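Reviewing the structure listed below.
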Amino acid sequence: MKIAVYPGSFDPITNGHLDILKRSLKVFDEVILLLAVNPRKKSVFTVEERLHIMREATKDLPGVKVDFTDGLTVNYCRKAGAKAMIRGLRAVTDFEYEFQLSAANQFADDEVETVFFMSRNKTSFISSSTINELHEGGVDISDLVPPAVVEAYKAK
Ligand code: COA
Numbered sequence: 000m001k002i003a004v005y006p007g008s009f010d011p012i013t014n015g016h017l018d019i020l021k022r023s024l025k026v027f028d029e030v031i032l033l034l035a036v037n038p039r040k041k042s043v044f045t046v047e048e049r050l051h052i053m054r055e056a057t058k059d060l061p062g063v064k065v066d067f068t069d070g071l072t073v074n075y076c077r078k079a080g081a082k083a084m085i086r087g088l089r090a091v092t093d094f095e096y097e098f099q100l101s102a103a104n105q106f107a108d109d110e111v112e113t114v115f116f117m118s119r120n121k122t123s124f125i126s127s128s129t130i131n132e133l134h135e136g137g138v139d140i141s142d143l144v145p146p147a148v149v150e151a152y153k154a155k
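So the sequence shown is numbered by numbering that gives the first Met the number 0: it starts at 0 and just counts up by one.
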């Protein structure tokens, strides 16, 4: 069984993330959508809110599990028996950051390989913070995110 972990802040998850997730399910038997902590970021949604949204958005996708870690993602991968970590690449500006992150992860555990998927969904140029900003400014973002995100904004 080929297991992969797709980590991120998912604050909130977008249709771009879901596109990467669906494509990764064609390659892996199980993909764990892992809410991990980026200590450099202040989040809009709480961990519980983000996990709820992630579960709702993936409930019809067989082979997906949702989980949380406050530790290193490579440690999580080892415990879960995953040999691959998935990341999406949107623009060339993502490259430098992803290059450093994958090198740090490889230093921590060289048994876990990072596998990159090129974003090709038409909405994937958008990031979670852009979504939050557009919503804050009164723009309808429902074409860019799963319905659970729209519900979560309403509930806030
Ligand atoms: N579609 C839309 N947006 C996308 C996207 C896609 N396909 N792929 C990435 N993004 C956006 C995200 O929305 C996010 O936007 P934001 O910055 O506006 O919030 C941005 O690109 C990158 O975020 P994300 O992919 O969630 O990564 P991150 O940099 O926030 O977090 C972790 C990366 C959580 C995986 C990393 O911090 C981590 O592994 N933390 C745990 C500790 C650890 O193991 N550290 C590694 C060793 S130093």
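In this text, a Cβ means the ideal position worked out from N, Cα and C, and glycines have one as well. Just so you know, these numbers come straight off a predicted model, no measurement behind them.
Check: Using a 10 Å radius around the Cβ and a threshold of 16 neighbouring Cβ atoms, would you call Gly156 buried or exposed?; Outcome: Coverage of the chain is limited to positions 0 through 155, which leaves residue 156 absent and any answer about it impossible.
Check: Measure the alpha-carbon distance for Ile159 versus Glu135 and round it to whole angstroms.; Outcome: It is not possible to answer for residue 159, since the shown part of the chain is limited to 0 through 155.
Check: What first and last residue would you give for the alpha helix (DSSP H) that runs through Glu132?; Outcome: 127 to 135
Check: Ends of the alpha helix (DSSP H) at Lys21?; Outcome: 14 to 23
Check: Mind checking Asp10: buried by the 16 CB within 10 Å criterion, or exposed?; Outcome: buried
Check: Confirm, please, whether the CB-CB distance from Ala3 to Val228 is below 8 Å.; Outcome: Since the displayed the chain opens at 0 and closes at 155, residue 228 lies outside it and no answer follows.
Check: Between Phe94 and the ligand COA, is there a pair consisting of the residue's CB and a ligand heavy atom that are separated by less than 7 Å?; Outcome: no
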